[in-house]
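Numbering-wise (the working numbering), the sequence shown opens with residue 796 and increments by one.
We put the CB at the ideal spot given by N, CA and C, even for glycine.
Inspection log for the structure reproduced underneath, given as structure tokens.
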Amino acid sequence: MSITIAYTTGYLLRRTSLSEQITLPILGGIVGIIVANMPSALIPAPGTAQGTIASYVSNSLEMSVPTIIGAYDLVMVSTSLILGLFAVGLLRRILNRSIDHGVRLFLIGLGSLVAFSSGGSQVGLATGPLEPLFESQLRLPGTILLSIGAIGILLGAWMGSPRILQAVARDYSSLGVLRSIAALIPAFIIAQTAIILGYPISFNNIILWSIIGSGLTEGTESISVRKTSYTVAIWLLTLFGAGVTGFILYRIFAVIL
């Protein structure tokens, strides 16, 4: 899915007669709608640990409004559309002043949102196996576990990210500004959808296939087939290896302990 969305976005940005002043505000509106529905522990919500901007506005109004799908009501839909239209208007105004400045600003903002989404997904995956220990035995709040995970991912970024940055930016495909936007759009959409639905996903898989999809807009010659093939082989090997290793370690610990 990510490769298809990235290719389509890259095609609209690079290969069609539509200018950035049309395509980028539309993409910004989509991002704005998603941001309105991003769950966050900082937003109060009755009965749940996380709220969204849309749900907060709906709960604050305390009005009886018809629901659209499940608990998603008309006020939440309206809030999402308003935030999306606000993003469209703001980005359109910036692009009218300077297209280069607007494109770079949108890329930085989108990259920040993707990094935010990736952090939530990766910390959840890394610390999820420790949740039963913290809750049932240590009786510590989940925020401490999340803080440990956040510190770990921050230290890991400082020590291990430079090589990954080079690989992502150059080894798989040569990225420009517009192709970078095309790669980040599907990564953000898929990551946030998975987080909302509560499904753990491989963010590495999403971002790399998005990069490949955006690179295909310039033809297959811009894609490193060798690097991509090695990556797919390693993914399959680690998937099998992790399962076997986990099973063997469990059997060993069951005998020893």
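For S975 and G897, the rounded distance between their alpha carbons: 14 Å
query: Between which two residues does the alpha helix (DSSP H) harbouring I889 extend?
result: L869 to R892
query: Which residue or residues does DSSP assign as beta-bridge partners of T862?
result: D868
query: Quick one: is D895 buried, meaning 16 or more other Cβ sit within 10 Å of its Cβ, or exposed?
result: exposed
query: Taking the alpha helix (DSSP H) that I821 falls in, what are its first and last residues?
result: E815 to A831
query: Could you give the distance in angstroms between the alpha-carbon of Q845 and the alpha-carbon of S814?
result: 38 Å
query: Identify the residues that DSSP records as bridge partners of S835: which are they?
result: G846
- request: Since I believe L886 is in contact with G823 (beta carbons under 8 Å), could you give me their beta-carbon distance rounded to a whole number of angstroms?
  value: 4 Å
- prompt: When the Cβ atoms of the region 935 to 954 are set against those of the region 912 to 919, are three or more pairs found closer than 8 Å?
  reply: yes
message: Here's the rule: buried if 16 or more other CB atoms are within 10 angstroms of the residue's CB, otherwise exposed. What is Q816?
response: exposed
query: Should the region 821 to 838 be regarded as contacting the region 858 to 878, the criterion being three or more beta carbon pairs within less than 8 Å?
result: yes
- request: Kindly indicate which three-state DSSP category G993 falls into: helix, strand or coil?
  value: coil
For P981, three-class secondary structure by DSSP: helix
task: Would you mind giving the Cβ-Cβ distance between I991 and P834, rounded to the nearest angstrom? I have them listed as a contact below 8 Å.
output: 6 Å
message: Could you compute how far the alpha carbon of F983 sits from the alpha carbon of S1005?
response: 10 Å
message: Just to confirm, is the Cβ distance from L940 to T922 under 8 Å?
response: yes
- prompt: Are the Cβ atoms of L856 and G906 separated by less than 8 Å?
  reply: no
task: Please determine, among L819, I821, A849 and I889, the residue with the shortest C-alpha to C-alpha distance to M871.
output: A849
- request: Thinking L973 and L808 are a contact (beta carbons under 8 Å), I'd like their distance in whole angstroms, please.
  value: 4 Å
- prompt: CB-CB under 7 Å to A866, same chain, minus the five flanking residues each way: which ones, in chain order?
  reply: none
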